[in-house]
Amino acid sequence: MSQGKKIFIKDFSFYYESFQALRHINLDIRPKEIFTVFGPARSGKTTLLKSLNRLTDLVFGARHTGGIFLDGTDIYDPKVDITHLRRRIGMVFDLPTPLPMSIFDNVAYGPKLNKMIPKKRLAEMVEKALRSAALWEEVKDRLHTSALRLSGGQQQRLCIARVLALEPEVLLLDEPCSGLDPISTASIEETLIHLKKDYTIILVPHNVQQASRVADRAGFFLNSELVEEGPVYQIFTKPIDKRTEDYVTGRFG
Amino acid sequence: MAALSTIAVMILILLQILSEGLPVLHLRFFLESPKSMGREGGIFSTIIGTMALTAVAIFFGAPLGVGTAVFLREYTRESKISRIIRFGTDCLAGVPSIIFGLFGFVFFVIQLNMGWSIISGGLTLAAMILPTVISTAEESIKAIPLSYREVSYSLGGTKWQTITRVVLPNALPGIFTGILLSIGRSIGETAAIILTAGSSLVMPTSLFSPIRTMSVHFYILAREGISMKMAYGTGAALILLVLIINVIAQWLINRYIRHRT
């Protein structure tokens, strides 16, 4: 399709049973930008992210109208290989979710699902992913201890490394810093800015400040609707919509 | 008070059996087969019988039960089918063991012409332990956080990969507990086993040989007044066997959990 669009969301609505979680969303995500999706709780941010890698398929009674296109291909096309799609669009959840296995096995989990990988190659992939997530130096001597013993911030960077090991094209980050202390948050934000070189990133930020610190463009969600989107400096300094202004100036939310 | 009396009852039973039975327990008692109907000799063939029967029961019952639990938890939502299956297992759990014995006798022993044998008895026991295996496996699968599954799917895992690599390994300690309970029940069962596996004291040579388990041996020795001394010996050995199995299983579970966390 057109140049300059990694993801193209067209008139997309989403329903859980009778509850409408997204209303007629139209949005473009550009390659290798950090796009931040922000707004109050229950405004549809997480649903949007989970629609992008079709994790919403797991929810019984969920349905949608409209379409989402990745590089011009409709991701809801029945011909789409869903496991392949999810490899291309990696997701990090709001709470750190290490699987109860070793650090190494957590990072190797995704690559090993796909195919047999020689041990040596796998070790290289794990190291590379951990380095990209800025965790390698802290864990290189204890790769085979349980991931549950890491601190919260380390666990979240492990989750980022786990996704990076798949070498995805798009990263979905759903409040990756909620529940983390400011130092861990800073180190994750630093990691994100570093990752922007290679990945398209969609971030639900922890708060408005975080959105303005790391993002290129932003979209404000309220009550299942996309109220306004634009470059970060515009959204946070001179928003067009009154509701956006109220939110970013802290009048509600 | 209630807890104390429970412990008191347990201690009383243990004291009774062990004080009468322990003096009989020598190495020869374990390693020699019974002679003259069990009046003399040891209980070796009944130990082998017990283990073979239990192994067959677990071999068939555990995969079937765990498979059912996986189906109920991962492949269906609350629906008519899942309600029927759950109702069925609840009913199965309430059926008296002698009815299982009668069923096993009519179906496996006669209809399928397997005779009184390890396989007939084992399959009957497998049916008996199914409800326990299913419900414990289902509980432990239910306890696994949705987030683990989401992670697996989001990394490109298929349903089957998610079940085999995330769900089952994490449910294993719970599943194992259910199997342990089932082993206990298999070892302790008598009536259904006499009807399906017989009560032969001859050393079994194949899955189609009839056998006598330790519990049945104990029952016959005491019931027919053959030898109370040997009966208590068998009882004491039975208690020790269950104890050893439990200790080993607990050790295995703890090691497994420690390894993962």
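Protein sequence lines correspond, in order, to chains A and B.
Residue 11 in the numbering used here is what sits at position 11 of the first sequence, and the numbering runs on without skipping anything.
Residue 1083 in the numbering used here is what sits at position 83 of the second sequence, and the numbering runs on without skipping anything.
In this text, a Cβ means the ideal position worked out from N, Cα and C, and glycines have one as well.
Here Pro205 of chain A is buried. Its C-beta has 16 or more other C-beta atoms within 10 Å. With fewer than 16 other Cβ atoms inside 10 Å of its own Cβ, Cys1091 of chain B counts as exposed. Within chain B, Arg1260 have C-beta atoms less than 7 Å from the C-beta of Met101 of chain A, given in sequence order. Shown here, Ile7 of chain A sits in a strand according to DSSP, grouped into three states. B:Arg1077 is the residue among B:Val1066, B:Arg1083, B:Leu1018, B:Arg1077 whose C-alpha sits nearest the C-alpha of Gly61 of chain A. Contact of Met91 of chain A with chain B by beta-carbon distance below 7 Å involves Ser1154.
By the 16-neighbour rule on beta-carbons within 10 angstroms, Ser224 of chain A is buried. Restricting attention to beta strand (DSSP E) runs no shorter than 3 residues, the segment 78-157 of chain A encloses them at 89-92, ordered along the chain. Boundaries of the beta strand (DSSP E) harbouring Gln20 of chain A: 19-29, taken from the DSSP string.
For the segment 1060-1090 of chain B, the set of positions with a beta-carbon nearer than 8 Å to some beta-carbon of chain A reads Arg1077 in chain order. Among the bridge pairs identified by DSSP, Thr249 of chain A is matched with none. Shown here for Lys119 of chain A: not one same chain residue has a beta carbon closer than 7 Å to its own, the five before and five after excluded.
Cys177 of chain A has a beta carbon lying at 9 Å or more from every beta carbon in chain B. Counting the other Cβ atoms within 10 Å of the Cβ of Arg1028 of chain B gives fewer than 16, which makes it exposed. Residue burial annotation: Ala1143 of chain B is exposed, with fewer than 16 other C-beta atoms found within 10 angstroms of its C-beta. Nearest neighbour of Ser1182 of chain B by Cα position, chosen from B:Ile1226, B:Gly1235, B:Ile1245, B:Gln1016, turns out to be B:Ile1245.
The beta-carbon of Ser1140 of chain B is placed no less than 9 Å from the nearest beta-carbon of chain A. The beta carbon of Ser1097 of chain B is closer than 8 Å to those of Met1128, Glu1189, Ala1191, Ala1192 in its chain, skipping five residues each way along the sequence. In the pairwise beta carbon analysis, the segment 1066-1083 of chain B is classified as touching the segment 1122-1141 of chain B: at least three pairs are separated by under 8 Å. For Ile1118 of chain B, the uninterrupted alpha helix (DSSP H) segment begins and ends at 1118-1142. Annotation for Asp1090 of chain B: the continuous alpha helix (DSSP H) segment containing it runs 1080-1094. Taken in chain order, the members of the segment 105-137 of chain A whose beta-carbon sits within less than 8 Å of a beta-carbon on chain B are Tyr109, Gly110, Leu113, Asn114.
Proximity of the segment 87-96 of chain A to the segment 158-165 of chain A meets the contact definition, three or more beta-carbon pairs being nearer than 8 Å. The C-alpha of Pro168 of chain A is placed about 16 Å away from the C-alpha of Asn106 of chain A. In the three-state scheme derived from DSSP, where H, G and I count as helix and E and B as strand, Gly1042 of chain B is classed as coil.
In this structure, Phe8 of chain A lies near Leu27 of chain A, with their beta-carbon atoms less than 9 Å apart. Secondary structure at Lys1159 of chain B: helix, using DSSP grouped into helix, strand and coil. If you check the CB distance, Arg54 of chain A and Arg86 of chain A come in under 9 Å.
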